[in-house]
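So the structure is just underneath, and the comments pick up after that.
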Amino acid sequence: MSITFNKKTNSFLLNTPSSSYIIRIYDNKYLLHGGWVSRIEEWDDDVCSMPLLDRAFSPVPAELHNKADFSLNSQQQEFPTSGRSDFRTGAFEALCADGTIAADLFYDSHKIIKGKPGIKGLPATYVTSESEADTLEINLKDPVTGVMVKLVYTVWNNRDVICRHTIVKNDSSKAGGIYKNQPVKLRRVMSASLDFMTSRYKMLQLSGAHARERHAIWQKLIPGTQSVESRRGTSSHQHNPFIALADYEATETSGQVFGFNLVYSGNFVAGTEVDQFNMSRVQIGINPYNFEWELAAGETFETPEVVMVFSNKGLGELSRTYHDLYRDNMCRGPWQKKERPIVINNWEATYFNFNAEKLFKLADRAAEEGIELFVLDDGWFGKRDDDRSSLGDWFVNTKKLTGGLEEIAEGIHKRGLKFGLWFEPEMISPDSNLYRAHPDWCLHIEGRDRSLGRHQSVLDLSRDDVVDYLTETLSKILSTVAIDYVKWDFNRSQTEVASALASPANQMKTAHKYYLGLYRLLENVTQKFPNVLFESCSGGGGRFDPAFLYYMPQCWTSDNTDGLSRLAIQNGTSIAYPASAMSCHVSAVPNHQTGRVTNISERGHTAMAGTFGYELDLNKLSQPELDEIKDQVALYKKIRSTVQFGDLYRLRSSWDTVAPAESTAYTAWNIVSKDKKQAVLTLVWQFAEGNPELQLIKLKGLDPKAKYKLTCSQSATIRAHLADFPFPLPESAFAPFPAGTATSGDKLMNVGLYLPYMPQYGGSVQIVLEQI
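If you count by the numbering used here, then the sequence shown holds residues 1 to 772, one letter each, in order.
Quick look at the structure:
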């Protein structure tokens with residue numbers, strides 16, 4: 001078993017394959033943290049425990065005045081509270097019947113069980129058999145108020161992963177005095193808190209903005225608090241619910257890295273507090289902003305799960321651990337491990353201006369190119385000719401589509417393509433039949449003006465009647481039209497987060513109840529239609545979090561489809577999320593978000609790092625561009641299993657520092673199939689440079705004893721563009737290696753591969769390696 005309890009030292013040892021997590025019980029009361037370190041086989045003494053020190057201005061608990069120099073202010077704790085001698089931020093804060101927030105959470109009992117229990121009403125990782133993981137439940141109790149806190153730790157036996165969440169129960173029926181049978185108001189309940197002995201770490205966060213999501217940002221820890229959060233009612237474009245701490249010297253391939261990823265789609269906070277003794281406290285959970293949860297006597301509250309990953313082999317190993325866990329133990333259903341189809345989406349080709357003839361013309365060209373799935377985006381319903389009306393009116397716009405959705409679905413299927421449809425179920429337009437019938441169904445504060453974002457409001461999913469209505473409405477469409485794919489969008493942040501049904505005492509429950517309602521809706525719809533491929537979206541990547549992967553195995557990565565912008569976006573996303581979850585498309589140029597012009601081969605190479613598709617008008621492209629798309633589609637079908645389900649190695653990332661001697665900035669990665677029989681190497685240069693140095697690339701993850709044949713993708717558009725150049729072109733401009741070139745895996749990884757870079761011939765290269 002991966003969890004052991006030592007009665008002699010009153011300590012728990014939680015072992016993953018490469019790490020050990022230690023929890024100590026001091027004086028039979030205080031739950032202390034003992035370290036998260038590279039694996040040890042046993043913990044049977046206190047020689048390596050943090051010593052008790054007499055620290056100035058660090059108060060000692062009353063019962064220990066004459067026993068020890070012990071203060072909560074100078075100890076590593078496992079789940080700290082506020083108001084009782086620890087001046088750092090507590091993981092738990094509740095307003096008690098006496099009007100105070102002080103609490104003592106003393107050890108009460110524990111239980112070790114096989115397998116992994118679920119979390120009521122919330123998505124979480126799961127096991128397919130009890131042998132995959134063991135779970136520790138530690139019960140803490142406040143003897144004054146009767147509040148019980150259960151800390152839940154699931155330790156994965158074959159992964160360097162520990163999952164944590166917290167359960168709070170108001171057990172005040174067993175309390176005395178003014179606390180008996182009284183409610184408590186939860187104001188801060190973290191999913192995890194973890195104290196490190198040192199602050200010699202750099203913190204990684206994934207931050208940005210709409211169309212600039214999840215850029216990797218590193219900073220060394222300094223005294224004080226460094227944190228990211230969302231108050232937008234979504235996990236947000238601005239900050240992802242993920243942080244990591246890494247050794248100063250850690251790289252992609254070496255050093256210790258500790259990852260924390262919250263399985264939640266709403267307001268969150270994640271950060272590190274460095275105290276006066278240079279200890280570091282990491283906390284992650286629901287944001288206390290606009291949150292207060294009254295618990296009546298006997299009621300419980302469960303927090304979202306946090307997925308904690310350990311790596312002593314650098315950031316790359318941490319990423320691959322997250323990727324495998326989310327593909328195998330977060331995603332569900334028939335599409336979990338099924339190859340994802342190549343998509344053509346009509347949005348950037350037509351926007352709102354389409355009819356059946358225009359859609360079929362685009363579908364005809366897509367079928368000729370070998371594309372597999374046609375997606376009809378926004379504008380098919382109500383009177384939706386722009387973004388100012390009709391959200392909530394989920395009936396077909398017969399002025400545009402005279403034969404209804406049935407005609408479109410049938411016509412797409414006749415052309416050999418699957419059919420997909422766009423929805424934005426959580427939104428409502430003031431100019432809609434639904435709003436006119438139910439103006440109280442949106443989030444709003446009575447007596448205050450209602451803010452609009454993209455001319456729309458947010459439906460109040462904290463209400464059961466709204467969730468039930470959406471379940472019925474969506475189910476009717478998916479039952480009557482042959483739909484293979486759904487794009488589920490969410491295009492504004494939440495404001496005036498209040499419900500017409502909530503009492504004043506319960507209004508601050510609304511933000512979290514919204515997500516309990518949304519997760520119920522998602523469970524209802526996705527389980528009723530398991531064969532539909534669902535893709536989440538929020539103006540691109542505004543809700544790219546592990547919670548949505550529980551319901552939808554892929555997410556639109558960003559509205560910014562520029563081939564160069566996507567390098568930083570996709571690389572940052574890949575730190576925690578697998579390629580199978582990243583939806584990546586090739587769009588027209590000049591790019592609709594940046595105005596930049598890039599080569600279609602470059603756009604294709606970047607987009608082939610995830611689930612692949614196109615978002616442009618195929619009927620406006622030149623013949624060489626169409627030829628290249630046909631080649632890209634054919635190639636992706638050969639490599640997509642490797643890309644979507646293989647092991648990713650970031651060889652050169654957009655956040656890497658360019659040495660002064662290097663004149664060329666580029667991003668490079670290779671993805672290797674699990675059986676190591678195929679690999680895909682991709683390099684994309686951020687800008688062209690005259691007379692640059694050669695690029696030496698050392699691959700990762702190959703079989704060192706195997707030989708690999710190398711082939712380079714051709715570029716029809718570059719050939720056409722350069723056909724009239726006044727000097728002969730070497731074949732290496734298109735394929736740097738002679739046909740049939742082969743070499744061994746150990747040479748490719750240890751010696752490396754030289755790639756001549758000729759910027760006038762294009763800004764990227766993609767090489768496929770097949771094991772001989």
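Idealized CB from N, CA, C, for every residue including glycine.
Taking the alpha carbon of residue i as the point to measure from, which residue in the options has its own alpha carbon closest?
i      : options                           : result
Gly34  : Ile22, Asp484 and Lys513          : Ile22
Asn506 : Phe291, Glu472 and Pro59          : Phe291
Pro546 : Arg212, Gly382 and Arg327         : Arg327
Leu702 : Thr642, Tyr248, Phe737 and Pro334 : Thr642
Thr484 : Glu535, Tyr519 and Pro223         : According to the sequence displayed, residue 484 carries Asp and not Thr. Nearest of Glu535, Tyr519 and Pro223 to Asp484, Cα basis: Glu535.
Pro123 : Pro304, Gly259, Leu245 and Asp378 : Pro304
Ile217 : Met749, Thr225, Leu64 and Gly208  : Gly208
Pro61  : Ala91, Leu105, Ser38 and Cys96    : Leu105
Lys185 : Phe87, Arg340 and Ala97           : Ala97
Leu295 : Ser172, Ile445 and Phe57          : Ser172
Glu137 : Arg159, Thr145 and Cys163         : Cys163
Ile344 : His215, Trp669, Gln766 and Val633 : Val633
For residue i, is the classification buried or exposed, using 16 other Cβ atoms within 10 angstroms of its Cβ as the cut-off for buried?
i      : result
Gly266 : buried
Arg448 : exposed
Val597 : exposed
Lys150 : buried
Lys509 : buried
Ile639 : buried
Asp386 : exposed
Trp347 : buried
Leu417 : buried
Ala745 : Looking at the sequence itself, residue 745 is Gly, so the reference to Ala does not match. Looking at its Cβ environment, which holds 16 or more other Cβ atoms inside 10 Å, Gly745 is buried.
Leu518 : buried
Met1   : exposed
Ser622 : exposed
Tyr179 : buried
Glu472 : exposed
Arg492 : buried
Gly540 : buried
Assuming residue i is part of the beta strand (DSSP E), what are its boundary residues?
i      : result
Met148 : Val147 to Trp156
Ser230 : Gly224 to Ser230
Ser191 : Val184 to Phe196
Met203 : Tyr201 to Ala209
Ala679 : Gln678 to Trp685
Should residue i be listed as close to the ligand SAH, given that the test is whether its C-beta is under 7 angstroms from any heavy atom?
i      : result
Asp324 : Because no ligand of any kind appears in the structure shown, any question about the ligand SAH cannot be addressed here.
Rounded to the nearest angstrom, what separates residue i and residue j at their Cα positions?
i      : j      : result
Arg384 : Ala579 : 33 angstroms
Val307 : Lys705 : 35 angstroms
Arg365 : Ala665 : 36 angstroms
Gln570 : Thr557 : 7 angstroms
Ala175 : Arg454 : 51 angstroms
Gln686 : His605 : 13 angstroms
Asp627 : Ile600 : 11 angstroms
Gln644 : Tyr636 : 10 angstroms
Thr711 : Lys630 : 17 angstroms
Ser499 : Gly271 : 30 angstroms
Ala661 : Ala607 : Any reading at Ala661 is ruled out, since the residue's pLDDT is 47, under 50, leaving its predicted position unreliable.
Cys554 : Ser71  : The residue you asked about is not Cys; residue 554 is Gln in the sequence shown. C-alpha separation (whole angstroms): 47 angstroms.
Tyr469 : Asn397 : 20 angstroms
Gly411 : Phe360 : 7 angstroms
Arg88  : Gln283 : 11 angstroms
Ala659 : Tyr551 : At Ala659 the pLDDT is 48, less than 50, meaning the model places this residue with poor confidence and gives no usable figure here.
Ile286 : Glu63  : 33 angstroms
Just to confirm the assignment, what range does the alpha helix (DSSP H) spanning residue i have?
i      : result
Ile629 : Gln623 to Phe645
Glu63  : From DSSP, Glu63 is part of no alpha helix (DSSP H); its letter is neither H nor E.
Trp347 : Trp347 to Thr350
Pro546 : Pro546 to Leu549
Arg520 : Thr510 to Lys528
Tyr754 : Run containing Tyr754: none in the alpha helix (DSSP H); it sits in the beta strand (DSSP E), Leu753 to Leu755.
Asn571 : Ser565 to Thr573
So residue i and residue j are in contact, right, with Cβ under 8 angstroms, and what is the actual spacing, rounded?
i      : j      : result
Tyr107 : Lys116 : Actually they are not in contact, since the Cβ atoms of Tyr107 and Lys116 sit about 23 angstroms apart, beyond 8 angstroms.
Lys487 : Gly403 : Contact doesn't hold; Cβ gap of about 22 angstroms is too wide.
Thr300 : Lys169 : 5 angstroms
Leu461 : Tyr514 : 5 angstroms
Glu252 : Arg650 : 6 angstroms
Ala367 : Arg415 : 5 angstroms
Val497 : Gly233 : 6 angstroms
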